[in-house]
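In what follows, a single structure is set out as structure tokens and then discussed.
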Amino acid sequence: MMTACSPDTKQEPHRHEGEVVSKEENDHEEQTESAGRHKSEAVDKRQVIAKHLQEPWEIALVGNTFYISERNGSIVTVTMNGDVQTRKPVRFEKDLSHQPEAGLLGIAFPSDFQETKTAFAYYSYQENGAFFQRVVTIKESHDHWEETSVLLDKIPGGRYHQGGRIEIGPDQKLYVTTGDAAKPELSQELDSLAGKILRMNLDGSIPDDNPFGESYVYSYGHRNPQGLAWNSDHELYATEHGSNAYDEINKIEAGKNYGWPVIRGDEAANGMASPVLHSGEGTWAPSGMTYFAGYFYFASLRGESVRKFDPVNKTEEIMVSDVGRVRDVLATNEGLYIITNNTDGRGTPSKHDDQLIFIPLT
Numbered sequence: 001m002m003t004a005c006s007p008d009t010k011q012e013p014h015r016h017e018g019e020v021v022s023k024e025e026n027d028h029e030e031q032t033e034s035a036g037r038h039k040s041e042a043v044d045k046r047q048v049i050a051k052h053l054q055e056p057w058e059i060a061l062v063g064n065t066f067y068i069s070e071r072n073g074s075i076v077t078v079t080m081n082g083d084v085q086t087r088k089p090v091r092f093e094k095d096l097s098h099q100p101e102a103g104l105l106g107i108a109f110p111s112d113f114q115e116t117k118t119a120f121a122y123y124s125y126q127e128n129g130a131f132f133q134r135v136v137t138i139k140e141s142h143d144h145w146e147e148t149s150v151l152l153d154k155i156p157g158g159r160y161h162q163g164g165r166i167e168i169g170p171d172q173k174l175y176v177t178t179g180d181a182a183k184p185e186l187s188q189e190l191d192s193l194a195g196k197i198l199r200m201n202l203d204g205s206i207p208d209d210n211p212f213g214e215s216y217v218y219s220y221g222h223r224n225p226q227g228l229a230w231n232s233d234h235e236l237y238a239t240e241h242g243s244n245a246y247d248e249i250n251k252i253e254a255g256k257n258y259g260w261p262v263i264r265g266d267e268a269a270n271g272m273a274s275p276v277l278h279s280g281e282g283t284w285a286p287s288g289m290t291y292f293a294g295y296f297y298f299a300s301l302r303g304e305s306v307r308k309f310d311p312v313n314k315t316e317e318i319m320v321s322d323v324g325r326v327r328d329v330l331a332t333n334e335g336l337y338i339i340t341n342n343t344d345g346r347g348t349p350s351k352h353d354d355q356l357i358f359i360p361l362t
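If you're matching positions, the sequence shown starts at 1 in UniProt numbering and goes up one per residue.
In structure tokens form, the structure reads like this:
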């Protein structure tokens with residue numbers, strides 16, 4: 001069961017996938033329950049918008065509706081005030097692979113989505129014993145989504161390191177992060193789509209101004225980038241998982257090599273870019289990232305927090321730390337919306353996980 005939340009009505013009975021679930025009572029005890037977790041200063045002000053999500057991966061906002069991808073192949077919609085929530089399966093052309101880090105990952109919505117009902121998705125599949133990812137368009141109908149076209153296929157995959165974030169940039173191009181598929185050498189190979197940030201037109205064609213000619217590759221030398229966000233000057237930043245430590249925030253520029261697996265942390269090498277900030281011998285396991293009013297906010301999985309990154313002073317601090325693993329974060333004028341990721345087998349879920357939670361910034 002999945003549940004939408006609001007303070008003025010009681011819990012509805014169990015319903016099947018695809019049916020509407022009305023809001024339920026959301027008292028302070030339920031909002032703050034997280035056994036053994038440290039309470040943050042924002043805990044008394046936060047609001048649980050939806051509960052019982054199933055391995056959520058990305059959150060997007062279209063109008064007043066949130067769209068949340070779930071790795072099992074569904075997309076959940078939740079109204080901004082939590083009044084209505086639905087879950088619809090996506091009918092893919094390929095059989096969805098649900099390996100430890102695979103599945104339905106990133107989703108992105110063009111400006112005309114409310115008219116066309118067509119969005120972008122990144123998902124994993126297995127074929128002839130090999131794992132791949134593909135970027136597709138999907139169309140929403142009354143009770144499901146349907147894969148309608150393939151923009152890019154045969155992105156190398158595996159059990160681990162899928163990348164998976166897709167975002168539409170301020171230049172109206174589609175940006176896609178790919179992992180090294182646990183084969184580090186692929187990150188340095190320009191003829192491989194693994195370990196890269198890719199850039200394409202919204203119809204799947206290669207932009208004329210991409211740095212390597214007739215190639216989707218925008219930057220390379222990445223291990224497992226999972227967050228993309230632009231600042232107010234339209235400069236692109238990305239989060240990236242390091243190897244056991246040395247997680248990174250990189251400023252992404254066309255054609256640059258970000259060093260994996262040759263360098264990490266403060267190491268330098270000719271022709272390779274070092275990160276703007278890294279976690280040192282600790283780990284964040286950073287995932288989704290967003291930008292608001294001069295700061296980046298990024299989700300931390302192993303670090304079990306939302307962190308605030310100051311790109312001017314190159315510092316970071318913990319904003320929220322009592323909800324367990326955090327997969328994605330979205331900024332609005334009102335505050336941050338986050339999705340937890342405690343039901344993926346690596347966290348310690350509460351009875352309400354996973355959740356969509358609102359965190360005010362003031």
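Beta carbons: idealized from backbone N, C-alpha and C, even for Gly. Since we're looking at a predicted model, the values are computed, not measured.
In the DSSP annotation of this structure, the continuous segment of the alpha helix (DSSP H) that includes Thr116 starts and ends at Phe113 to Thr116. When DSSP states are grouped into helix, strand and coil, Gln172 belongs to the coil group. When DSSP assignments are scanned along the region 269-324, the uninterrupted stretches of beta strand (DSSP E) that are 3 or more residues long and fall wholly within it turn out to be 286-292, 295-300, 305-310 and 315-320. A residue is called buried once 16 or more other Cβ atoms fall within 10 Å of its Cβ, and Gln162 is buried on that count. The beta carbons of Tyr122 and Ile166 sit closer together than 7 Å.
Contact between Gly288 and Asp328 holds, with the beta-carbon distance rounding to 3 Å and staying under 8 Å. Runs of the beta strand (DSSP E) lying entirely within the region 72-124 and spanning at least 3 residues, in chain order: 74-79, 84-91 and 104-108. Between Val90 and Gly73, the C-beta spacing is below 7 Å.
With fewer than 16 other Cβ atoms from the protein chains shown falling within 10 Å of its own Cβ, Gly294 counts as exposed. Cα atoms of Lys117 and Met80: separation of roughly 19 Å, rounded to the nearest angstrom. Below 8 Å, too few C-beta pairs join the region 147-154 and the region 206-213 to call them touching: fewer than three. Between the region 54-71 and the region 92-111, the count of C-beta pairs closer than 8 Å reaches three or more; the two stretches touch.
When Val176, Arg159 and Gly158 are compared, the shortest CA-CA separation from Val136 is found for Val176. Trp284 is positioned such that its CB atom lies closer than 7 Å to that of Gly303.
The secondary-structure analysis by DSSP pairs Gln226 with nothing; it has no beta-bridge partner. DSSP places Ser350 outside both helix and strand once states are collapsed to three, so it counts as coil.
In terms of Cα proximity to Leu152, the closest of His142, Thr239, Ser192 and Leu186 is Ser192.
Less than 7 Å divides the Cβ of Ile357 from the Cβ of Val48. Here Glu240 carries a strand assignment [DSSP, helix/strand/coil]. Shortest Cα-Cα distance from Gly169 to any of Ser215, Gln188, Arg134 and Leu202 involves Leu202.
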